[in-house]
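Participant: One structure, as structure tokens, below. Some questions next.
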Amino acid sequence: VTISRREYDFQAARRRLEAKAKSAGEKLTTIDEAAARVKNSDHVALGGCLFSRTPLALVRALLRRRPTGLSISRNLLCYEGEWCMVAGAVDKIVTSWMGIGLPWGLSKIQREYVESGRVPMEEWSHLALGLRFRAAAMGVPFLPSLTMMGSSLVDVGGSKIIDCPYTGEKLLAVPALFPDVALLHVHRADRFGNCQIDGYPHMDPDIARAAATVLVTAEEIVSEEEIRLHPDRTVIPGFAVDALVHVPYGSYPHECYGLYDAEPDHFSTYVDGINRHGAAGVQAYLDRYVYGPATHAEYLDLFGEAALVDAGRRGRELVS
Amino acid sequence: VSGHANGVSANELLAVMGSRELKDNTTVFAGVGAPMLASGLAQRMHAPLLTMVIEGGIVGPRWKPGSLPISTNEMRAAYRAQMLPGITDAFLLAQRGFLDVGFIGGAQIDRYGNLNTSAIGGSYERPKVRLPGSGGANDIISLCREVIILTVHEKRRFSDTVDFITSPGWLAGRDTRRKSGLLFGGVARVVTTLGVFGFDPESRRMRLEALHTGVSVDEVKANTGFEVLVSDTLTTTKPPTEEELGILRMLDPARQFL
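Top to bottom, those sequences are chains A and B.
With the numbering used here applied, the first sequence covers 960 to 1279.
With the numbering used here applied, the second sequence covers 643 to 900.
What follows is the structure, encoded as structure tokens:
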């Protein structure tokens, strides 16, 4: 059993939120100042899904601070999970699936770290993890569900089966997951942190409500007027956001719906490094792409403007 | 492995046989690879009113031929979708009962259609091989009205026991699935590169219902790690037609998934 009580302690989470400033004011700051709000041993939830709208700029800024003892949760964990393992940042991962995708095979880093017992993987079904965030977003300690029952996942995670108080039928009581910090990347926000997402929202709106502290990067900072003209598009209210940073290409080389496509060739080069050098391949990648660049602009220079332009062209084509 | 005759690949065979299981005016929860191709093929053959729901929180996409998704959570998977409700809400459509069929694959499968995509050997905490995990497979098999498993038929996959039940089929058979709390659904078919299996309605053990052309019962037995029940009315499937293969190759001209 790896579920920690503080993950579903709805009263503590409620008190924490009540005690917090919920300002309608300015949220813009620097990425380093935002990342500094993550403390060692925090539970950090990552928005996006797999290689879509991953908050990679925030993950890089966080890892540059050499954190330790973190738990990280994400519904489908891509290679940022491998970075956290190799960087020695995590004590536990919470996910339903880890890898990049079919063409890249099993994650050798996940295998190395989980099989050796160094980093436990707390496994949920995809919906169950979504309901963990949703329960927290709703402020309740659990949500009933019809999924995951009968499977071994119930036995290893510590989740509980309850009897329905009305029908008597069995239900899975999916425990809430209140993260300490959420890292999210969105399409646009005003400087007060009102956030809009284009395309699939993934689990970001729930995660933003579930977490005690919400750190957001946005592709674009727009005027308050622009948000107020399209309030139906706002999925995270400004008062839920603690820090906002303007980071164009903030999830690159992962995709951002309608703005830029992912870079599967880059993933292949990354995996090739692991195939040849194991965890040292990830370390070399971290040195080059995470610890090396002093600024986001320097990071993007590693890919080159032509690549960014082409990813943008492909991204726009896929929604037109 | 048989079924590759006449230049038909394993995934083409699975996609064609899978597509024939789908009916018009229904909904299907489909992942990348053979399930997505099976669904796209069915829409173009006999099921134009079939709606796909995709794990990435996507309803009713019209995938662009030659630009098929490599993940269920990327723009290609959402191309020309009719709705993008998000991941949790897509699965909740299935929990509500909107999904007729779910397609899944599996690393390890037993005679009751239980699937393991989590851990092989050792203990769960310290396994010999840590696999990626459930993803949405557990939800699909728990929540859709019926599930069709599409998989390459290999002895190492068709195992006497699974080390871990990531996705529950009929559990230990008979009414054990129902008793576990899974009130709905169940595995209806296992479509493999050798044939098509159903389940005995009493014991819920996997039973060979049809062989693909050129495959023998002995070949199925030799490639299965548990006792193979054979239907009294065993049939042979119709080989993939030129029309079916033509549509698949139009959808995936670079043969990324074929």
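A virtual CB, placed ideally from N, CA and C, is assigned to each residue, including glycine.
Return the CA-CA distance between A:Ala1095 and A:Pro1134, expressed in angstroms with no decimal places.
Facilitator: What you label residue 1095 of chain A is simply residue 136 of the first sequence in a count that begins at 1. What you label residue 1134 of chain A is simply residue 175 of the first sequence in a count that begins at 1. When rounded, the distance between both Cα atoms is 8 Å.
Participant: Considering only their Cβ atoms, is the gap separating B:Glu716 from A:Ala1221 smaller than 8 Å?
Facilitator: Here residue 1221 of chain A refers to the residue found at position 262 when the first sequence is read from its first residue. Here residue 716 of chain B refers to the residue found at position 74 when the second sequence is read from its first residue. Yes, Cβ-Cβ distance for A:Ala1221 and B:Glu716 is below 8 Å.
Participant: Rounded to the nearest angstrom, how far is the Cβ of B:Val872 from that of B:Val859, given a contact under 8 Å?
Facilitator: Reading the second sequence from its first residue, position 230 is the one you call residue 872 of chain B. Reading the second sequence from its first residue, position 217 is the one you call residue 859 of chain B. The pair is a contact, with the Cβ atoms about 6 Å apart (cut-off 8 Å).
Participant: In chain order, which continuous runs of the beta strand (DSSP E) of length 3 or greater are located wholly inside the segment 776-856 of chain B?
Facilitator: Residue ranges of uninterrupted beta strand (DSSP E) with 3 or more members, entirely inside the segment 776-856 of chain B and ordered along the chain, are 788-793, 829-834, 837-841 and 848-853.
Participant: Locate the alpha helix (DSSP H) running through A:His1161, then write down its first and last residues.
Facilitator: Translated into positions along the first sequence, residue 1161 of chain A becomes position 202. Where A:His1161 is concerned, there is no enclosing alpha helix (DSSP H), given that its DSSP letter is neither H nor E.
Participant: Tell me which same chain residues have a C-beta within less than 7 Å of the C-beta of B:Thr714, skipping the five on either side of it?
Facilitator: Counted from its first residue, the second sequence places residue 714 of chain B at position 72. Same-chain partners within the cutoff: Gly673, Val674, Ile696, Glu697 and Gly698.
Participant: What does the alpha-carbon distance come out to for the pair B:Lys665 and A:Ala1177?
Facilitator: Stepping through the second sequence from its first residue, residue 665 of chain B is reached at position 23. Stepping through the first sequence from its first residue, residue 1177 of chain A is reached at position 218. Cα to Cα, the separation comes out at about 43 Å.
Participant: For the alpha helix (DSSP H) that A:Val1230 lies in, which residues bound it at each end?
Facilitator: Residue 1230 of chain A sits at position 271 when you count from the first residue of the first sequence. Pro1223 to His1236 is the extent of the alpha helix (DSSP H) around A:Val1230.
Participant: Considering Cα atoms alone, identify which of B:Thr730, B:Ala761, B:Gly682 and B:Asp805 is closest to A:Met1162.
Facilitator: In the first sequence, the residue the question calls residue 1162 of chain A occupies position 203. Selected option, being the one with the closest Cα: B:Thr730.
Participant: When the Cα of B:Thr879 is compared with those of B:Glu851, B:Val870, B:Pro774 and B:Phe899, which residue comes out closest?
Facilitator: Locating residue 879 of chain B in the second sequence gives position 237, counting from the first residue. Just measuring C-alpha positions, the residue of B:Glu851, B:Val870, B:Pro774 and B:Phe899 sitting nearest B:Thr879 is B:Glu851.
Participant: Can you find a CB in chain A that lies within less than 8 Å of the CB of B:Ser822?
Facilitator: Indexing the second sequence from 1 puts residue 822 of chain B at position 180. For B:Ser822, the answer is yes, since a Cβ of chain A falls inside 8 Å of its Cβ.
Participant: Could you run through the segment 1094-1105 of chain A and flag, in chain order, every residue whose CB is less than 9 Å away from some CB of chain B?
Facilitator: The residues in question are Ser1104 and Leu1105.
Participant: Taking a cut of 8 Å between CB atoms, which residues from the segment 1213-1241 of chain A lie near chain B?
Facilitator: Glu1214, Tyr1216, Gly1217, Asp1220, Ala1221 and Pro1223
Participant: Quick check for students: name the residue ranges of the alpha helix (DSSP H) that lie wholly in the segment 998-1064 of chain A, counting only runs of 4 or more.
Facilitator: The alpha helix (DSSP H) runs of length 4 or more contained entirely in the segment 998-1064 of chain A are, from start to end of the chain, 1015-1023 and 1038-1045.
Participant: Using 8 Å as the threshold, is the C-beta distance between B:Ala749 and B:Leu773 below it?
Facilitator: Position 107 of the second sequence holds residue 749 of chain B. Position 131 of the second sequence holds residue 773 of chain B. For B:Ala749 and B:Leu773, yes; Cβs fall inside 8 Å.
Participant: Closest Cβ-Cβ distance between B:Asn653 and chain A: below 8 Å?
Facilitator: Taking the first residue of the second sequence as position 1, residue 653 of chain B is located at position 11. For B:Asn653, the answer is no, since every Cβ of chain A falls outside 8 Å of its Cβ.
Participant: Going by DSSP in three states, B:Phe745 sits in which element: helix, strand or coil?
Facilitator: In the second sequence, counting from the first residue as 1, residue 745 of chain B sits at position 103. Strand at B:Phe745.
Participant: To which residues of the same chain is A:Val997 closer than 7 Å at the C-beta, ignoring the five residues directly before and after it?
Facilitator: If you number the first sequence from 1, residue 997 of chain A lands on position 38. If we look at A:Val997 and ignore the five residues flanking it on each side, its Cβ neighbours are Val1003, Leu1021, Pro1026 and Val1140.
Participant: Measuring only between beta-carbons, confirm whether A:Val1175 sits less than 8 Å from chain B.
Facilitator: The residue labelled residue 1175 of chain A in the question sits at position 216 within the first sequence. Using a CB distance cut-off of 8 Å, A:Val1175 does not count as an interface residue toward chain B.
Participant: From the beta carbon of A:Trp1042, is the nearest beta carbon of chain B less than 8 Å away?
Facilitator: Counted from its first residue, the first sequence places residue 1042 of chain A at position 83. False, the Cβ-Cβ gap to chain B never drops below 8 Å.
Participant: Any beta carbon of chain A sitting closer than 8 Å to that of B:Gly775?
Facilitator: By one-based count along the second sequence, residue 775 of chain B stands at place 133. Yes, B:Gly775 lies at the interface with chain A (some Cβ there is under 8 Å from its Cβ).
Participant: Measure how close the beta-carbons of B:Gly708 and B:Ala896 come, nearest whole angstrom, since I'm counting them as under 8 Å.
Facilitator: Numbered from 1 along the second sequence, position 66 holds the residue referred to as residue 708 of chain B. Numbered from 1 along the second sequence, position 254 holds the residue referred to as residue 896 of chain B. Confirmed, Cβ separation roughly 7 Å.
Participant: Buried or exposed for B:Gly645, please, with buried defined as at least 16 other CB atoms from any protein chain shown within 10 angstroms of its CB.
Facilitator: As a working note, residue 645 of chain B is residue 3 in the second sequence. Legend: pLDDT at B:Gly645 = 46, less than 50; position of this residue unreliable, value from coordinates given subsequently. Counting every other CB atom within 10 Å of its CB across the protein chains shown gives B:Gly645 a total of 16 or more, marking it as buried.
Participant: Listing by chain order, which chain B residues have their CB less than 9 Å from the CB of A:Ser1011?
Facilitator: In the first sequence, counting from the first residue as 1, residue 1011 of chain A sits at position 52. Within chain B, the residues near A:Ser1011 are Gly698, Ser713, Asn715, Glu716 and Met717.
Participant: Exposed or buried, what is A:Ala971 when buried is set at 16 or more other beta-carbons lying within 10 Å of its beta-carbon?
Facilitator: By 1-based counting over the first sequence, the position of residue 971 of chain A is 12. With fewer than 16 other Cβ atoms within 10 Å, it is exposed.
Participant: What are the boundary residues of the alpha helix (DSSP H) that A:Ala993 is part of?
Facilitator: For the purposes of this step, residue 993 of chain A is identified with residue 34 of the first sequence, where counting begins at 1. First-last of the alpha helix (DSSP H) with A:Ala993: Ile990 to Ala994.
Participant: Is the shortest distance between the beta-carbon of B:Ala657 and the beta-carbons of chain A less than 8 Å?
Facilitator: Translated into positions along the second sequence, residue 657 of chain B becomes position 15. It does not; no Cβ of chain A falls within 8 Å.
Participant: Looking at B:Glu663: is its Cβ nearer than 8 Å to the Cβ of B:Leu900?
Facilitator: For the purposes of this step, residue 663 of chain B is taken as the residue at position 21 of the second sequence. For the purposes of this step, residue 900 of chain B is taken as the residue at position 258 of the second sequence. No, the Cβ-Cβ distance between B:Glu663 and B:Leu900 is not below 8 Å.
Participant: Can you grab the Cα-Cα spacing for the pair B:Gly856 / B:Pro882, in whole Å?
Facilitator: Residue numbering aside, residue 856 of chain B sits at position 214 when the second sequence is read from its first letter. Residue numbering aside, residue 882 of chain B sits at position 240 when the second sequence is read from its first letter. Distance between the alpha carbons of B:Gly856 and B:Pro882 is about 13 Å.
Participant: Are any of the Cβ atoms in chain B nearer than 8 Å to that of A:Ser1111?
Facilitator: Indexing the first sequence from 1 puts residue 1111 of chain A at position 152. At least one chain B Cβ lies under 8 Å of A:Ser1111.
Participant: In chain order, what residues of the same chain lie with their CB nearer than 6 Å to the CB of B:Ser651, ignoring the 5 residues before and after it?
Facilitator: Position 9 of the second sequence, counted from the start, is the residue given in the question as residue 651 of chain B. Cβ neighbours of B:Ser651 beyond the five flanking positions: Leu900.
Participant: Name the one or two DSSP bridge partners that A:Tyr1219 has.
Facilitator: Looking up residue 1219 of chain A in the first sequence gives position 260. DSSP lists A:Cys1215 as partners of A:Tyr1219.
Participant: What are the residues in the segment 861-873 of chain B lying within 9 Å of chain A by C-beta distance?
Facilitator: none
Participant: Quick one: which unbroken alpha helix (DSSP H) runs of 4-plus residues sit fully inside the segment 670-754 of chain B? Chain order, please.
Facilitator: Correct list: 676-687 and 729-738.
Participant: For A:His1085, report the span of its alpha helix (DSSP H) as first-last.
Facilitator: Here residue 1085 of chain A corresponds to residue number 126 of the first sequence, with the count starting at 1. Here the alpha helix (DSSP H) through A:His1085 covers His1085 to Met1097.
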